[in-house]
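A.B. asks: Here it is: the structure, laid out below.
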Amino acid sequence: MSMNVTDHGLQKSLDEDGALFIKGHGSHLETAGAVNNEARIDLTFNGKSSLQHALQNAMPPESYTNSAPIRPHLGARAPCALNIVLQIVGSRGDIQPFIALGTELQKHGHRVRVASHDVFADFVRQSNLEFYPAGGDPSDLMAYMVKNPSLVPSVSSLMAGDIGRKQDMVEEMLEKFFLSCIEPDPISGVPFIAEAIIANPPSFAHIHLAEALGIPVHLMFTMPYSPTRAFPHPLANIKQSNLDPKVTNYLSYGMVEMLTWQGLGDIINNWRRKSLNLDPISSSTAGVLLSAHEVPYTYCWSPALVPKPSDWPPYIDVCGFFFREEPQYSPPQHITEFLQAGPPPIYIGFGSIVMDDSAKMTDLILMALRRSGVRAIISKGWAKLGEGRSDENALFIDDCPHEWLFKYVAGVIHHGGAGTTACGLLNACPTFIIPFFGDQPFWGAMVAKADAGPFPVSHKELDLETLTKAIDMLLAPTTKAAAVRIAETMRTENGVAQAVQSFHHHLPQEKLTCDLLPGEAAAWTYDAKRLSKSDRKRFKDGLKLSPRALSVLSNRQKLDLGKVQLNHPKPIEIENHRWDPLTATSSALLGSLVDFSKGFGSLVSAPATKIRHETRKRERRYAATTALTDSSQEHGLAPNIDSQDATPASAGTGEHSLEVKLAASSKPAQETSSSNAGISAGKGISQMTTSVLKGTLVDVPLALTEGLHNLPELYGDKVRKHNKITDWKSGTAEAGKNFAYNFLDASWCLFKQPVVDAAKKGPVGLVTGLGKAGFGLITKPSSAMFGLLAYPALGIYKSIVASLSKTEKKVLEARLAHDEYFARIDPISDQEIASVLSAFGTEK
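Going by full-length UniProt numbering, the sequence shown opens with residue 1, and the numbers climb by one from there.
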């Protein structure tokens, strides 16, 4: 069965078993990736020898002098208190470390909201953290991802109708992650506006929301997602490669990212366009988003187990495992009696893994125990091991906290979950991992590399001989000694505290804090050009103001409120990179054609789709309302934010109010499904018209301009990066700069390039240098000329889009509601007023 082809030489197909197969080809490198049935990706690389040197030069340096992990000063404070949203997708085990993180962040004065699956609401709120329901069923989603790694569908999933349901789920979660940044608490009604995002990579919304809101984003995870030469991506199996192993390892991360985008790209781009008012991004851009924008990463494992790779840059930290506080636990009598009846047993358990034949696994375990002469405590788990069985050497138990049990066992055998691995090593337990899927083989390999256990053996390859040998090695003195060494180091770490320190370290502190009240976050900016001459020198980049500081100055008419804007302390602009004029222009034309075709197709399909979508939406809303009502009654609160205490007051004239008013908007009458269908058809016509105008006046000229501008990069020349274009003024300014610099660079390269190449390669270099210089004389002036049209057109387009954007208005409304609410419940003091006026240089 075949699927659509081609994105830069990429072929995508499904084999007879329904496994996704991706093949990329070029003149120097062929790659192939096949998704297997264990949620892992089999990769092959076949490259020409001439490619080795080029790839190594294109990769980051092998080591960074300042890439040592950040060590926390545990008494250090944050630069200012922030509203932080933690966005997490995954199982309970994925949520649990972030609860520990959120609790630690609260100790530093931050307000913390956890946005995750609805089923974890009580689990989160019991830890005194705010919760925002992001939708999605974690068990359903995890089951789907096991069958379809990276959300790329198999034939069986297509036939079962899973795809539409999972796409709806992901679409819903992306939208709710956006709402989690701006909506009030769903129970108390207290307003919220996110000032920073911490997320795990599978939540997917993170960097896109950071771009839309202009706020810092920080990723934290329990397995490596950042490219490195040290080891391949945890989800990758390198089946064959004739490249250097370090190069192969590095390339594996890009292949996994490509697969992920193949499964999610359309959904994310539609969401970017419709909800965030952002342009769609290409596959080639999506694969390097996080590294290109140097998004900070904190990895939650111990450096004693997996040291930070030397080629990871300074914005990536390895901090240590996140451990929760040990729960209170009193063991039942049968566990205590078994522990006291003989030498320490080993622990065997596979958690939430569901096996096809648990009886066969039980028989295998019991035979290996008899042959090894050891005792074991066996967790029944979801596989229900030992169902109806008994053995004098084994005790089958239900749930028991690992934090307690692992203190009394001689070693542990499990599936390789990061949390179970961490808990075992913290208690100096030698560890043997029997992986089933995903990143579990990675953790098994890391444990074995640290000599703390045997090499992992897949559950499919496990037999009596291998299990018996593994148990014998598990109990060897050398294995125990290695586990003890790791445990001693882990006990000196405080992973959660160090992760918070890492988060604080990577914040843009100067742009984040108020200029007049340094201990508060800056929510607003005032253009420096509007200040007095003396103040312009003090606040060159504009005056950054907290809500309280703005209130003081605005109520004394020291500022023109019409010139106050939202502060964007960490602006991110994701742009599609154009490598050359041919592919750039053809891609732009194809994109315009696709948009036009979608608009034309939606004239017929959109009305029906809209009706189906509205029906599903009403069903979900009804279910959510029912759940919210039940939860509200359980907490003794009304899910009503119209009460006086919950609703932000309108701006008044008092000292503590902000005199900013939004234009009143009347609520539209409830739309019927038929009217929605008509609107959808109208949007199709609008999309057709827009695609033609935008493609002709903006996309194609811009692609041609930047393709010509970037073409010299292909032969090693450096090109200038253009400044951010936000409106017609910045577009016109950039057109002028691009025109001047390209003509200047073309003239300079005519003399420089031959000299530089001749110095490196002699007469041959002189010839190649003259060729490059002549090439630059064509491409750079051409880019300069086309840029006179492209950049102003792009600026005008962005001005129009910004004026029509609902996203900015939603964020502004959330900001105002938040500021008004907290100004009312925590009025500004006379001392703070005096501090603001003094810092601004104004007498009270």
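C-beta atoms are modelled at their ideal positions from N, C-alpha and C, and glycine is treated no differently.
Between the Cα of Pro234 and those of Phe437, Lys806, Leu512, Asn494, spot the shortest distance and give me the residue it belongs to.
C.D. replies: The residue with the shortest Cα to Cα distance from Pro234 is Phe437.
A.B. asks: Would you say Leu788 and Ala735 are within 8 angstroms of each other, going by their C-beta atoms?
C.D. replies: Against a cut-off of 8 angstroms, the Cβ pair of Ala735 and Leu788 comes out as a contact.
A.B. asks: Between the stretch 314–327 and the stretch 376–388, do at least 3 Cβ pairs fall closer than 8 angstroms?
C.D. replies: Touching, no, given that fewer than three Cβ pairs across the two stretches are closer than 8 angstroms.
A.B. asks: Tell whether a beta-carbon distance below 8 angstroms holds between Leu219 and Tyr347.
C.D. replies: Their beta carbons are not under 8 angstroms apart, which means Leu219 does not touch Tyr347 by this criterion.
A.B. asks: According to DSSP, is Asp363 helix, strand or coil?
C.D. replies: Asp363 falls in the helix class under three-state DSSP.
A.B. asks: At the level of alpha carbons, what is the spacing between Ser63 and Ala394?
C.D. replies: Approximately 49 angstroms, taken between the alpha carbons.
A.B. asks: Give me the DSSP bridge partner(s) of Gly111.
C.D. replies: The question names Gly, but residue 111 is Arg in the sequence shown. Answer by DSSP bridge pairing, in chain order: Asn83.
A.B. asks: Is the beta carbon of Pro227 closer than 8 angstroms to that of Gly254?
C.D. replies: Yes, the Cβ-Cβ distance between Gly254 and Pro227 is below 8 angstroms.
A.B. asks: If you reduce the DSSP assignment to three classes, tell me which class Ser534 lands in.
C.D. replies: Residue state, collapsed to three classes: helix.
A.B. asks: Would you report the Cα separation of Glu820 and Arg530, rounded to the nearest angstrom?
C.D. replies: Cα-Cα distance, rounded: 25 angstroms.
A.B. asks: Taking Cβ positions, are Gly416 and Pro435 nearer each other than 8 angstroms?
C.D. replies: Yes, the pair counts as a contact, with Cβ atoms nearer than the cut-off.
A.B. asks: Which residue's Cα is closest to the Cα of Val374: Asp356, Ala410, Tyr250, Ile353?
C.D. replies: Comparing Cα positions, the closest option is Ala410.
A.B. asks: Can you tell me whether Lys380 is helix, strand or coil according to DSSP?
C.D. replies: Coil, per DSSP.
A.B. asks: Please list, in chain order, all residues of the same chain as Leu766 whose beta carbon is under 8 angstroms from its beta carbon, the five residues on each side excluded.
C.D. replies: Counting only Cβ-Cβ distances below 8 angstroms, and skipping sequence neighbours, we find Pro754, Asp757, Ala758.
A.B. asks: Using a 10 Å radius around the Cβ and a threshold of 16 neighbouring Cβ atoms, would you call Tyr250 buried or exposed?
C.D. replies: Tyr250 comes out buried.
A.B. asks: Near Val124, which residues of its chain fall below 6 angstroms by C-beta distance, leaving aside the five closest residues on each side in sequence?
C.D. replies: Excluding positions up to five away in sequence, the list reads Val114, Phe131.
A.B. asks: How is the alpha helix (DSSP H) around Trp404 delimited, first residue to last?
C.D. replies: Note, Trp404: alpha helix (DSSP H), 402–405.
A.B. asks: From Asp185, Ile377, Leu516, Ala476, pick the residue whose C-alpha is nearest to that of Pro133; which is it?
C.D. replies: Taking only the C-alpha atoms, the option nearest Pro133 is Asp185.
A.B. asks: Quick check on this structure: which residue in Ser379, Arg272, Leu837, Glu257 has the alpha carbon closest to the alpha carbon of Leu290?
C.D. replies: With distances taken between Cα atoms, Leu290 lies closest to Glu257.
A.B. asks: Report the rounded CA-to-CA distance for Ala487 versus Ala376, giving the unit in angstroms.
C.D. replies: Cα to Cα, Ala487 sits roughly 22 angstroms from Ala376.
A.B. asks: Determine the DSSP secondary structure at Phe503, reduced to helix, strand or coil.
C.D. replies: If DSSP states are grouped into helix, strand and coil, Phe503 belongs with the helices.
A.B. asks: So what does DSSP say about Asp472, is it helix, strand or coil?
C.D. replies: Of the three classes helix, strand and coil, the one that applies to Asp472 here is helix, per DSSP.
A.B. asks: Do Glu175 and Trp261 have their CB atoms nearer than 8 angstroms?
C.D. replies: Cβ distance not < 8 angstroms, so Glu175 and Trp261 don't count as in contact.
A.B. asks: If we call anything under 8 angstroms between Cβ atoms a contact, is Phe178 one with Ala205?
C.D. replies: Cβ atoms of Phe178 and Ala205: closer than 8 angstroms.
A.B. asks: Pull the bridge partners of Pro133 from the DSSP assignment, please.
C.D. replies: Partner(s): Ser116.
A.B. asks: Quick check: the Cα distance between Ala483 and Leu305, rounded to an integer number of angstroms?
C.D. replies: Cα-Cα distance, rounded: 10 angstroms.
A.B. asks: Output the distance between the C-alpha atoms of Lys563 and Thr525, rounded to the nearest integer angstrom.
C.D. replies: Going by the C-alpha atoms only, they are around 9 angstroms apart.
A.B. asks: Within 10 angstroms of its Cβ, does Tyr299 collect 16 or more other Cβ (buried), or is it exposed?
C.D. replies: Buried.
A.B. asks: Does DSSP put Ala521 in a helix, in a strand, or in coil?
C.D. replies: Three-state result, Ala521: strand.
A.B. asks: Just mark Val318 as buried or exposed, buried being the case when its beta carbon has 16 or more other beta carbons within 10 Å.
C.D. replies: Per the 10 Å Cβ criterion, buried.
A.B. asks: Between Ala733 and Ser747, what straight-line distance do the alpha-carbon atoms span, to the nearest angstrom?
C.D. replies: In a straight line, the C-alpha of Ala733 is about 22 angstroms away from that of Ser747.
A.B. asks: For the pair the stretch 552–559 and the stretch 199–215, tell me if three or more CB-CB distances fall below 8 angstroms.
C.D. replies: Contact between the stretch 552–559 and the stretch 199–215 is absent, because fewer than three Cβ pairs lie under 8 angstroms.
A.B. asks: Excluding the 5 residues preceding and the 5 following Phe442 in the sequence, name in chain order all residues of the same chain whose CB lies nearer than 7 angstroms to its CB.
C.D. replies: Excluding positions up to five away in sequence, the list reads Met223, Pro234.
A.B. asks: Using beta-carbon positions only, say whether Leu86 and Val119 come within less than 8 angstroms of one another.
C.D. replies: No.
A.B. asks: With distances taken between CB atoms, is the gap from Glu832 to Leu517 smaller than 8 angstroms?
C.D. replies: Going by C-beta atoms, Glu832 is nearer than 8 angstroms to Leu517.
A.B. asks: Assign Phe178 to one of three DSSP states: helix, strand, or coil.
C.D. replies: Three-state result, Phe178: helix.
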